[in-house]
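Engineer:
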Amino acid sequence: MTATNKTLWLTAGDIETLREIVSARAKRAERLGLPVPTIKVGPETRDERGQIGNVTITKTAVQIIQDVPSFNGWKLVAVLTFAEDGIVYPTPVITRPRGSECEIPNGITCKTCDHCNTSRTRNRVVVVQHDTDGVKALGLACAEEYLGVRGLESLLNSWCSFAESDELESFGSGYSQLATAREILSVTWACVKKFGYIKASDHGPTETPTYSLVQTAIFGNSKLPAVKELREELDGNYGTDEEIDGLISWLQSQSSNSEYIANLKILIDDGSAPIISKRYGIVCSAVASYFRHLEIEIKRAKVAATSNWIGVKGDKVNVMATVTGNRTFETQWGSKYLVTFADQTGNVLTWWGTSQDAAECEIGQSVTVKGSIKELGEYRGTKQTVLTRCKIAK
Ligand SMILES: [Zn+2]
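In the numbering used here, each residue carries its 1-based index in the sequence shown increased by 60.
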């Protein structure tokens, strides 16, 4: 499998669009210190018959030219991504630089690293080639050390998000499927509102995953009844500019601790970058995450509005309640439990317990709580009655 610079045959209008996309990518590549893509137009042209009537369309040969990224004498062959959205796939998504001619060796798995030889599951494995030292497959974290490039991991994560040459090189084929992150998010918004979020990896036999609905809605042929029907159902539910702005700024304010969020932030950026079809699944998942966040906020606001203190400090209480949480903390004296309850009018009670009673509180259980009020607290706007020396009866 050798990647070469493919010739695209494009109309004048398509060439202009491609110029814009490539110039946006060039800016990002420059910012990252990666080889900058350019396009070579012509001189060859050819005439094609158009789809409508007998119109003849003149198309020009176009190539996208970009040097293969290289790090201290090691040329990048490919980045193999084994996970997306937290699910490990056995077959990786392979991202190759445009124009790379090196073969990817067989047998590379998510457990391969020729540097440390440690067998553990990795999200990404990078394959590099040296003129004299051959080809190596390295875990992304190890590659940074082995190739002596600081920040290589985040550099390659960014590179993967926009370097999928094969997709750009199907540009102009009439079904190139390039839409901006913002367009995809807006259509996903409507799909999730109408049909719920259906993950790519675990959809049932009769369900269509969200990303696939989104692709159909954006690119489907409107002459097909199914496509027409889908668009009619989504109409009026698309995410508005303000809603998508809200989603993007929420996303960008999230911590990049998880690789999933870090990738999503790079990919969606300010929403204007074109997204290739391979990445639709992960972009769509951002809407599901954001809806979950909004639901939690609404619940929190409801609880905050209804919860009141149930007495004053020192009062004895004896109330029926539901266990809403039980978190265990290990201390040098043993386990400690932070148990939370909601009484029948929605007031929040909390109890730091160490007894068997505390250990046995399970979320959802209906219980009778006997104890005394230690203090009247407030957490994130919610009034909480803090209890002590509780006895729990089920
Ligand atoms: Zn390693």
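Ideal Cβ positions, reconstructed from N, Cα and C, are used throughout, including at glycine.
Please report the Cβ distance between Glu-213 and Leu-200, rounded to the nearest whole angstrom; I am assuming they are in contact, meaning their Cβ atoms lie under 8 Å.
Structural biologist: So it is a contact: roughly 5 Å between Cβ atoms.
Engineer: Count the CB pairs spanning the segment 239-255 and the segment 337-344 that are closer than 8 Å, and state whether there are at least three.
Structural biologist: Because the criterion of three Cβ pairs below 8 Å is met, the segment 239-255 and the segment 337-344 touch.
Engineer: Quick one: is the Cβ of Gly-406 within less than 6 Å of any heavy atom of ligand 1?
Structural biologist: No - ligand 1 has no heavy atom lying nearer than 6 Å to the Cβ of Gly-406.
Engineer: What number of angstroms, rounded off, separates the C-alpha of Ala-84 from the C-alpha of Thr-98?
Structural biologist: Those two C-alpha atoms are separated by around 11 Å.
Engineer: With a floor of 4 residues, list each alpha helix (DSSP H) that falls wholly inside the segment 181-216, ordered by position along the chain.
Structural biologist: 200-207, all fully within the segment 181-216.
Engineer: Among Val-188, Glu-161, Glu-163 and Asn-183, which one has its Cα closest to the Cα of Asp-174?
Structural biologist: With distances taken between Cα atoms, Asp-174 lies closest to Val-188.
Engineer: Please indicate yes or no: does the CB of His-455 lie closer than 6 Å to some heavy atom of ligand 1?
Structural biologist: Here the chain covers residues 61 to 454 and nothing more, so residue 455 does not appear.
Engineer: Residues in the same chain with beta-carbon distance under 6 Å from Ile-112, minus the five sequence neighbours each way, listed in chain order, please.
Structural biologist: The predicted model places Ile-112 with a pLDDT of 45, which falls under 50 and marks its position as unreliable; any figure quoted below should be read in that light. Hits under 6 Å: none found.
Engineer: Give the straight-line distance between the Cα atoms of Thr-405 and Asn-368, rounded to the nearest whole angstrom.
Structural biologist: If you take the alpha carbons of Thr-405 and Asn-368, they lie about 9 Å apart.
Engineer: Measuring CB atoms only, is the segment 358-378 touching the segment 269-286, in the sense that at least three cross pairs come out at less than 8 Å?
Structural biologist: Segments in contact, no.
Engineer: CB of Gly-199 to nearest heavy atom of ligand 1: below 6 Å?
Structural biologist: Yes, the beta carbon of Gly-199 sits closer than 6 Å to at least one heavy atom of ligand 1.
Engineer: Taking DSSP's pairing of strands, which residues face Gly-385 in a bridge?
Structural biologist: For Gly-385, which the question treats as bridged, DSSP gives the partners Thr-400.
Engineer: Helix, strand or coil for Gly-113 per DSSP?
Structural biologist: For Gly-113, the predicted model reports a pLDDT of 47, less than 50, meaning its position is unreliable and no value from the coordinates is stated.
Engineer: Could you please give the first and the last residue of the uninterrupted beta strand (DSSP E) stretch that includes Arg-449?
Structural biologist: It spans 442-453 - the beta strand (DSSP E) in which Arg-449 sits, taken as one unbroken run.
Engineer: For Gln-416, does the count of other Cβ atoms within 10 angstroms reach 16, so buried, or fall short, so exposed?
Structural biologist: Exposed, because fewer than 16 other Cβ atoms sit within 10 Å of the Cβ of Gln-416.
Engineer: Relative to the C-alpha of Ile-81, which residue among Leu-447, Ser-332, Glu-390 and Trp-411 is closest?
Structural biologist: Closest by alpha carbon: Ser-332.
Engineer: I need the straight-line Cα distance from Ile-168 to Val-209, nearest angstrom please.
Structural biologist: Each residue's alpha carbon lies about 23 Å from the other.
Engineer: Which ranges does the beta strand (DSSP E) cover as unbroken runs of at least 3 residues, wholly within the segment 120-182, from first to last along the chain?
Structural biologist: Runs found: 134-144 and 147-155.
Engineer: From Tyr-350 to Leu-327, what does the alpha carbon distance come to, in whole angstroms?
Structural biologist: Roughly 16 Å between the two C-alpha positions.
Engineer: Would you decide whether Trp-411 is buried or exposed? Buried here means 16 or more other CB atoms lie within 10 Å of its CB.
Structural biologist: So Trp-411 ends up on the buried side.
Engineer: Within 10 Å of its beta-carbon, does Pro-103 have 16 or more other beta-carbons around it, so buried, or fewer, so exposed?
Structural biologist: Classification for Pro-103: exposed.
Engineer: Taking Cβ positions, are Lys-254 and Asn-297 nearer each other than 7 Å?
Structural biologist: A contact, by the Cβ cut-off of 7 Å.
Engineer: Ends of the beta strand (DSSP E) at Thr-428?
Structural biologist: Where Thr-428 is concerned, the enclosing beta strand (DSSP E) stretches over 426-439.
Engineer: Tell me whether His-353, by its Cβ, gets closer than 6 Å to a heavy atom of ligand 1.
Structural biologist: No; taking the cut-off as 6 Å, the Cβ of His-353 has no heavy atom of ligand 1 nearer than that.
Engineer: Tell me, which residues are paired with Gly-413 by DSSP?
Structural biologist: Tyr-397, per the DSSP bridge assignment.
Engineer: Can you tell me which of the three DSSP states Ser-225 falls into?
Structural biologist: Low per-residue confidence applies at Ser-225: pLDDT is 45, beneath 50, and the placement is therefore not dependable enough to give any value.
Engineer: Verify the contact flag: Cys-170, CB atom, against every heavy atom of ligand 1, threshold strictly below 6 Å.
Structural biologist: Cys-170 Cβ: outside cutoff for every heavy atom of ligand 1.
Engineer: Out of Lys-135, Val-186, Ser-130 and Asp-127, point me to the one whose CA is closest to Val-153's CA.
Structural biologist: Checked all of Lys-135, Val-186, Ser-130 and Asp-127; the closest Cα to Val-153 is Val-186.
Engineer: When you compare each of Arg-184, Thr-178, His-190 and Glu-108 to Ser-130 by their alpha carbons, which one comes out closest?
Structural biologist: Among Arg-184, Thr-178, His-190 and Glu-108, the Cα nearest to that of Ser-130 belongs to His-190.
Engineer: So, under 8 Å CB-CB, Lys-87 and Ile-125 are touching, yes? Tell me the CB distance rounded to an integer number of Å.
Structural biologist: That pair is no contact at about 16 Å.
Engineer: Expressed to the nearest angstrom, what Euclidean distance is found between the alpha-carbon atoms of Ala-364 and Asn-177?
Structural biologist: Rounded to the nearest angstrom, the two C-alpha atoms are 52 Å apart.
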